[in-house]
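Q: After the structure tokens below, expect a handful of questions from me.
In the numbering used here, the protein residues as written are 1248 to 1418.
This is the structure we're talking about:
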């Protein structure tokens, strides 16, 4: 299974592609951060995110897209930008007929570190270990995107196997 993870943000949107299956070693395909200038028009910024995500989907042909579920933040401006970037990611994936999985930060942290309250440093360390990288992915947006992809490979893959087993038992 190949998954594109998206850590949505208007200024920095982390994107990462991971390949693997539950119980098997994972492989990093690529990772990057889409940056948009804060001074640019909102529509221009969202369009830049859309174009880059569309390019990555064309280039890497993921089976699914995992996006961080927007949660309440103290800064309304930050949560609005995050929600807008999240919507763009979901739309680009849906337009391509891809599964869109939304994961909360605590879900992702628990999946990669075993602790739903892990800090960013712990998550980055576990991403490095799980993908057998020489150093932690940077910045945090890139690491978070990879963690989202890993979470979906494991949880999505397990859900797919469970559904197949249930369907097989019904026959």
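The beta-carbon is built from N, C-alpha and C at its ideal position, and this holds for glycine as well.
Take residue 1376 as the anchor and find which of 1263, 1362, 1262 and 1275 has the nearest alpha-carbon.
A: Within the chain shown, residue 1376 is the residue found at index 129, counting from 1. For the residues 1263, 1362, 1262 and 1275, the minimum Cα distance to residue 1376 belongs to 1275.
Q: Start and end of the alpha helix (DSSP H) containing residue 1373?
A: For the purposes of this step, residue 1373 is taken as the residue at position 126 of the chain shown. Unbroken alpha helix (DSSP H) run through residue 1373: 1367-1377.
Q: To test your reading of the DSSP string, which unbroken beta strand (DSSP E) runs of 3 or more residues are found completely within the segment 1281-1318?
A: Qualifying beta strand (DSSP E) stretches, in chain order: 1311-1315.
Q: With distances taken from CA atoms, which of 1336, 1303, 1332 and 1391 is nearest residue 1371?
A: As a first step, residue 1371 must be located in the chain shown, where it is residue number 124. Of 1336, 1303, 1332 and 1391, the residue nearest in Cα terms is 1391.
Q: With DSSP run on the structure shown, which of helix, strand or coil describes residue 1240?
A: With the chain running from 1248 to 1418 in the structure shown, residue 1240 is simply not present.
Q: For the candidate residues 1257, 1308 and 1402, whose alpha-carbon lies nearest to that of residue 1356?
A: As a first step, residue 1356 is located in the chain shown; it is residue number 109 there, counting from the start. If we check each option's Cα against that of residue 1356, 1402 comes out closest.
Q: Which stretch, first to last residue, makes up the alpha helix (DSSP H) that contains residue 1341?
A: As a position in the chain shown, residue 1341 is number 94, starting the count at 1. Taken as a continuous stretch (DSSP letters only), the alpha helix (DSSP H) holding residue 1341 covers 1323-1342.
Q: Please list the terminal residues of the continuous beta strand (DSSP E) segment that includes residue 1348.
A: Indexing the chain shown from 1 puts residue 1348 at position 101. Segment 1346-1350, the beta strand (DSSP E) holding residue 1348.
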